[in-house]
Structures are given as C-alpha cells and as structure tokens.
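*Asks:* Quick note: the sequence shown, position 232, residue 232 per our numbering, numbers continuous. Note that the Cβ used here is the ideal one computed from N, Cα and C, for glycine as well.
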Amino acid sequence: MEERRKWLRDAGILVMVLIAIIGIAAAEQEDRYDVTGEIEAVSGTEADASETESLSSDRQCGGYRYRILADDTVEVTAYEGSETTLFIPAYMEDKAVTVIGPAAFKGNGTVQRIYLPPGAMEIGEEAFAGCKELQDIYITETVERIGERAMADCPLLEEIVFPEAVSRIESMTCQGDTGLRQVTIQPGVSGIAEDAFAECDALRLVYGESGFAQCYAQENDFVYVDMERIREEGNLVW
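Right under this line is the structure:
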C-alpha cells in the first residue's frame, strides 16, 4: 500500500512538471508571435511613410515642379522657367494635371499669357498672385475652385472669365488688379466675396447670364451686359 501511495505521489508530481513545461513553451511561442507581429506592423508603417513621402516629394519636368497626389493625379507646385507664354501640360508622367498649387507661379516676372490644361480642377491660393507681366489667363471649364488671392496683384490683367463649374469667387481673388476692366460671371457662380475685386479701380463691366450676376453688378455700380441677349441680338443690344 505504501508503495502504491508513493507511486501516485510521484505520478502527480510528474504531471505537474509536464503541465508547467507545456505552459512555458506556449508562452514563449506567444511572445514570438507578438514580436513578429510588431515587426510586421513597423514594416507596414515604414512602407506607408515611404509611400507618402514619394507622393509628396516634388519632381521636375522642364521648368515645372510638381508632385503626385494620392488620387494619382498631378499638382503643379512651381514654375522656374522664363517663357512668356505658357501652355501648362495636361499630363506629367502620364498622369493628369488637376491642381495648380498654392503660390505655384507667385511673383513670376516674365509670363504674359497662361493657358490652363484641360482637366484642371483647382487653382490654389495665390497661384498667380504678383505676376506683374500677366495679361491673359485662360481658365478651362473644368476648374471648380479658385482660391483666395489666386490672381491678385496682376496689374496688366484686363479680363477674366470665371468658368461655369466655379460656384464662388473667393476673398481677394483679384485684389489689386488695377488694369482689370471686365469679368464674366457664369450662371454657376452663386457667391462672390465682398472684397473679391478690391482695388480693381478700372473694373466697369460684368458679363453674365444669370440673375445673380446682374444683381452683383447693380449692387456694385458696374455695367451689366447680358451675354444671352448678345448671342441672340448681337451688338444691337448696345
């Protein structure tokens, strides 16, 4: 009987030792997986950061600096050339140019005429501000947003046509354009900041074909010219 008790006691001890060994092994395995997971997470974070850096880094093509946006389109960030007439490319690296970035052409002293690319959707704040020689800017119909002071302090700019897709003309968009004589406000425009045309002392004519444009002209003592009537009657409207 005593031998049997001893045997049971030894067997119990052995079972407890085995359980402890199994527990230690399982804990080590879990720790290994945790470390692997952390490594994978860190690697993923580094990859994401690398991708973000790649997207945000400026690149160069000709006189243009640009970057690739998250939607795989291009934002022009600067122009370092000296051409007087610019046709901003529609594509760079086979990717559509959709944004003219903030201050991209600010202070340029040589450009006289700028043609935005078809497919451009946004003109950033101060994109063309301070272009002292700029006389003409052709904004494509695809542009939906024009930022504050986008064309401010351009004294030789005489006329601007705001495209149909633009719903609001922002604050100081054309501030200080002392040579600006006329603007065309399309029916899509439903809001104009009070100081959008501040210090535009030569501005006299507002072309439009909507009640909003007419009201804006009347409220600011501008001459309103109905584009729809011009199309129907020609110069007889005068």
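Pull up the distance between the alpha-carbon of aspartate 195 and that of serine 210, whole angstroms please.
*Replies:* The count along the sequence shown starts at 1 and reaches residue 195 at position 195. The count along the sequence shown starts at 1 and reaches residue 210 at position 210. When only Cα atoms are considered, aspartate 195 and serine 210 end up about 21 Å apart.
*Asks:* Quick check: glycine 124 and proline 102, are their CB atoms within less than 8 Å of each other?
*Replies:* Taking the sequence shown and counting its residues from 1, the one referred to as residue 124 is at position 124. Taking the sequence shown and counting its residues from 1, the one referred to as residue 102 is at position 102. For glycine 124 and proline 102, yes; Cβs fall inside 8 Å.
*Asks:* Compare the beta carbon distance of alanine 152 and glycine 176 with 8 Å and say whether it is the shorter of the two.
*Replies:* Counting from 1 along the sequence shown, the entry for residue 152 is found at position 152. Counting from 1 along the sequence shown, the entry for residue 176 is found at position 176. Yes, the Cβ-Cβ distance between alanine 152 and glycine 176 is below 8 Å.
*Asks:* In chain order, what residues of the same chain have a beta carbon less than 8 Å from the beta carbon of methionine 172, not counting five sequence neighbours either side?
*Replies:* Position 172 of the sequence shown, counting from 1, holds the residue named residue 172. Glu148, Arg149, Ala152, Ala193, Asp195, Ala196 and Ala198.
*Asks:* If we require 4 or more residues per run, which alpha helix (DSSP H) segments fall completely within the segment 97 to 125?
*Replies:* none
*Asks:* What whole-angstrom Cβ distance do glutamate 158 and glycine 130 have, given they're in contact under 8 Å?
*Replies:* Residue numbering aside, residue 158 sits at position 158 when the sequence shown is read from its first letter. Residue numbering aside, residue 130 sits at position 130 when the sequence shown is read from its first letter. In fact, because the Cβ distance is near 17 Å, the residues do not count as touching under 8 Å.
*Asks:* If we ignore side chains and look at the alpha-carbon of each, how far apart do glutamate 170 and glycine 62 end up?
*Replies:* One-based indexing of the sequence shown puts residue 170 at position 170. One-based indexing of the sequence shown puts residue 62 at position 62. About 31 Å.
*Asks:* Identify which residue in Val74, Ala78 and Asp72 has its Cα closest to the Cα of arginine 65.
*Replies:* By 1-based counting over the sequence shown, the position of residue 65 is 65. Among Val74, Ala78 and Asp72, the Cα nearest to that of arginine 65 belongs to Ala78.
*Asks:* From the DSSP output, in three-state form, read off alanine 193 for me.
*Replies:* Stepping through the sequence shown from its first residue, residue 193 is reached at position 193. The DSSP-derived three-state label of alanine 193 is coil.
*Asks:* In this structure, how does DSSP classify alanine 78 when only helix, strand and coil are distinguished?
*Replies:* As a first step, residue 78 must be located in the sequence shown, where it is residue number 78. Residue state, collapsed to three classes: strand.
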